[in-house]
Amino acid sequence: MSDTLTLPTRRDEDYRYSDLAALETLWPIAPEEIHVAAGSEASLQVVLDGEAPVARHLVITLEKGAKYDLRVLSAGPVYGRFALDVRLGEGADFTFGAAQLATGSENLEIVTKVVHAEENATSAQIVRTVLSEKAVGTYLGCIGVERGADGTDAEQSVRAMLLDRTATANAKPELEIFADDVKAAHGCAVGELDAEGLFYLMSRGLPPADAKRLMLQAFIAEAFSGAPESDELNAAAQARLEAILG
Amino acid sequence: MLKIENLQAKVADKPILKGLSLEINPGEIHAIMGPNGAGKSTLGYTLGGRPGYKVTGGSATFNGADLLELEPHERAAAGLFLGFQYPVEIPGVSFVQFLREAANAQRKGRGEEPYSGGEFLKLAKEKAGLLKMDMDMLKRPVNVGFSGGEKKRAEMVQMGVLDPKLAILDETDSGLDIDALRICGEGINSIMRHKDKAVLLITHYQRLLDYVKPDYVHILSAGRIVKSGGPELALRLEDEGYEAVVHETAA
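Keeping their order, the protein sequence lines are chains A and B.
Mapping the first sequence onto our numbering, position 27 (from 1) lands on 27, and the numbers just tick up by one.
Mapping the second sequence onto our numbering, position 72 (from 1) lands on 1072, and the numbers just tick up by one.
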């Protein structure tokens, strides 16, 4: 792209919900290239837990039969952006699990573009967002299946939990499919904690904040299930949850 | 232990409890029976503090404290246990983790030392054994994938671990087969039959009362207790039906 040095505006779909003032201080975002060679496996976990604004852009290429497992926990920045461009070769396998936890007037976003360029690649994305007070959490996720990429299996599961009615969740799952034999499943939901479950936990003696934390821990853990370092991610998420719930 | 006076409560603006009075002393087992819609579950939920159950009059005093002023978790810490007719499934939350946190939250509320991991597991194992439940089941998410009978037995395991002073058991017998009914009945006796504890059984049927013999039986109809008696009242109900017994009272 030729315009990577120009600061985006609201008109740019990928930046529609961004904190543009914070983005300006981070601009331009240098793409970080990751190349996974044919037949090899790799994994990465990223924890964005400082308060300062942060923006990352990963560009990942998976060669034939390569496997990559990426997990992201965004919990702390006043503005946190995590953008992802992934290109999958034949039979490649990509797993993305992410959780965003925000409170106050924090703004967190995940923007993904996962392209199945060749046959029989699989990708799974699971994103869990927890928002309180006036926080904003966004997921913009596009799955592209190129011509000839038959046998594609792409999954997207996106859920956001609002702890206060003043918080905002934006979610835009997108599919662009130019092949015939494709399995693409996507689910997207924004909701509140199950009141019946909360009462059940409280009736056993758990104070409201602990009952909420237990349910939210389970909700977030879905994003880190199967990760090589899931315990570490879950512990970091729990610490942030405790701070958010007070 | 529990004194309910002229309790009135609404659910979604509809009056359900219309002046219910009941006194339960330590060492007593009471059964409340009544037709569908009489307000039995509403009584349990109102005493448990479920959101949406609005008290519009009367009082409920539990060991000297105003029960209705307390939050649900505070009622639990004060020694109240509510057994659910439909125990809630909570995906992803491990049963043992939840139960340990709940037990320790209650202990903290009472100024007691928390259970260590080892102490807790020993206690949970003992209570699970009492209810003939496999410990492996309790490592699963709360009530998820449990059969109706397993859910009710898991409720009794929770009651055993939490060791309440008063248990209000809402249709613990519904959905149980004959063996599970006996196991739950024996569990209730073993956990709650004690001179310092009390039980309020909410049920439709006599059959649970064969195992857990009540000292008092009350008939709830249209939001009030219309008749009270001993265990023989439950047997009469079983023979003659609610309508006959309730009408005789009204006459």
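Note that the Cβ used here is the ideal one computed from N, Cα and C, for glycine as well.
Please read these numbers as outputs of a predicted model, since none were measured by experiment.
For the region 220-242 of chain A, the set of positions with a beta-carbon nearer than 8 Å to some beta-carbon of chain B reads ALA221, GLU222 in chain order. Between the beta-carbon of GLY1109 of chain B and that of PRO1072 of chain B there is about 12 Å, and that puts the pair past the 8 Å contact cut.
Counting C-beta atoms within 10 angstroms of its own C-beta, LEU1208 of chain B has 16 or more neighbours from the protein chains shown and is therefore classed as buried. Per the coordinates, the alpha-carbon of GLU24 of chain A lies some 19 Å from the alpha-carbon of LEU58 of chain A.
Taking C-beta separations shorter than 6 Å and ignoring five residues to either side along the sequence, the partners of SER105 of chain A in its chain run LYS134, following chain order. Shown here for GLU33 of chain A: same chain residues with a beta carbon closer than 7 Å to its own, the five before and five after excluded, namely VAL59 in chain order.
In the displayed model, TYR1086 of chain B falls within coil according to three-state DSSP, outside both helix and strand. Restricting attention to A:GLY65, A:THR112, A:ASP180, the CA atom closest to the CA of VAL36 of chain A is found in A:GLY65. Spatial neighbours of GLU1238 of chain B in its own chain (CB-CB distance under 8 Å, excluding positions within 5 residues in sequence) are listed in chain order as TYR1205, GLN1206. At the C-beta level, ALA1198 of chain B and MET1033 of chain B stay beyond 8 Å of one another. Here the alpha carbons of GLN238 of chain A and GLY1052 of chain B stand approximately 30 Å from one another.
Using a Cβ-Cβ cut-off of 8 Å, ARG204 of chain A counts as an interface residue toward chain B, since at least one Cβ of chain B sits closer than that to its own. Taking 9 Å as the Cβ-Cβ cut-off, the region 175-206 of chain A approaches chain B at ASP194, ALA195, GLU196, GLY197, LEU198, PHE199, TYR200, LEU201, MET202, SER203, ARG204, GLY205, LEU206, given in chain order. Linking VAL1246 of chain B to PRO1026 of chain B through their CA atoms gives a straight-line distance of about 28 Å. Secondary structure in the region 1178-1250 of chain B: the beta strand (DSSP E) runs of 3 residues or longer, each lying completely within the stretch, are 1198-1203, 1216-1221, 1224-1229 in chain order. Interface residue (Cβ-Cβ distance to chain B less than 8 Å): ALA218 of chain A is classified as such. In the DSSP assignment, SER1174 of chain B is bridged to no other residue. Within the model, the alpha-carbon separation for THR9 of chain A versus SER1041 of chain B is close to 56 Å. For MET161 of chain A, no CB of chain B lies under 8 Å from its own CB, so it is not counted at the interface with that chain.
For TYR200 of chain A, the enclosing alpha helix (DSSP H) has its first and last residue at 195-203. Excluding five sequence positions before and after ARG1153 of chain B, the CB atoms of its chain that fall closer than 8 Å to its own CB belong to LEU1131, LYS1132, MET1133, ALA1180, ILE1183, CYS1184, GLY1187, given in chain order.
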